[in-house]
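J.: Just dropping this structure here.
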Amino acid sequence: PTRFFPLTRFVPVLPPTEASTCASSVVGTWMTGTPRMKIAAVCQRHVVALDATGSLAEAATLMREHHVGAIVVTTSTPDGPRVAGIVTDRDIVLKVIAKDVSVESPIGEIMTKPVLTIWNDQGVFNATQYMRGRKLRRLPIIDRQERLVGLLTSDDLFAMLARELLNVAEGLEPALGSKV
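Encoded structure:
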């Protein structure tokens, strides 16, 4: 019979940086006998966020300038920003434009709340299951003190999976006798 053994060596996908607020890039841990990739390996560390008192016009401007489809709405605390909600471009269309709400209204009035979040020490598998089960495309990442530290999007996950599939394909090149 064929036996499979868990991997014991990891190569970081992203280089760890001291300035990063997310944990190190790839961390191998032994849980149920298998290593796991941390969310920090694929998360966006530079999150476009706006205080809940900011206007809808400010939110739309930030979305345009940063080419993003969502803004994490925060409240300020002495320990750092806390996630209060999230506003997507779709929210602006359906809750503002379609209902003729003033663009000077605070973003806190239309944000989705409570927002679902995940801790930064969780694995990618946990995050994908969480996103799938709750039909989420974006998931704010918080640390154990509940401070905003990143954002995980479905696009981030697709990019990571594409890189991993390319790695597998390139590993098979010698056996296939052709270039991938």
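So the sequence shown is numbered by the numbering used here: it starts at 360 and just counts up by one. Built from N, CA and C at the ideal position, the CB exists for glycine as well.
Determine, using beta carbons only, whether residue 500 and residue 511 come nearer to each other than 7 Å.
T.: The beta carbons of residue 500 and residue 511 sit closer together than 7 Å.
J.: For residue 420, which residues in the same chain have their Cβ closer than 7 Å to its Cβ, ignoring the five residues on either side in sequence?
T.: The answer is none, since no qualifying residue turns up.
J.: Going by alpha carbons, who is nearest to residue 438 out of 532, 524, 486 and 506?
T.: 506
J.: In angstroms, rounded to a whole number, what distance separates the CA positions of residue 425 and residue 447?
T.: 13 Å
J.: Going by beta carbon distance, what residues of the same chain come within less than 6 Å of residue 472, once the five residues before and after it are set aside?
T.: 444
J.: Identify whether residue 487 lies in helix, strand or coil by the three-state DSSP scheme.
T.: Here residue 487 sits in helix by DSSP.
J.: Short of 7 Å in beta carbon distance, which residues of its chain neighbour residue 484, apart from the five on each side in sequence? Order them along the chain.
T.: 395
J.: Report the option in 474, 475 and 454 whose CA atom is closest to the CA atom of residue 465.
T.: For residue 465, the closest alpha carbon among the candidates 474, 475 and 454 is that of 454.
J.: Could you tell me the alpha carbon to alpha carbon distance between residue 475 and residue 488, rounded to whole angstroms?
T.: 13 Å
J.: Using three-state DSSP, classify residue 395 as helix, strand or coil.
T.: coil
J.: Count the other CB atoms within 10 Å of the CB of residue 514; is the residue buried (16 or more) or exposed (fewer)?
T.: exposed
J.: Cutting at 6 Å between CB atoms, please list the residues of its own chain near residue 440, excluding the five before and the five after it.
T.: Shown here for residue 440: same chain residues with a beta carbon closer than 6 Å to its own, the five before and five after excluded, namely 433 and 507 in chain order.
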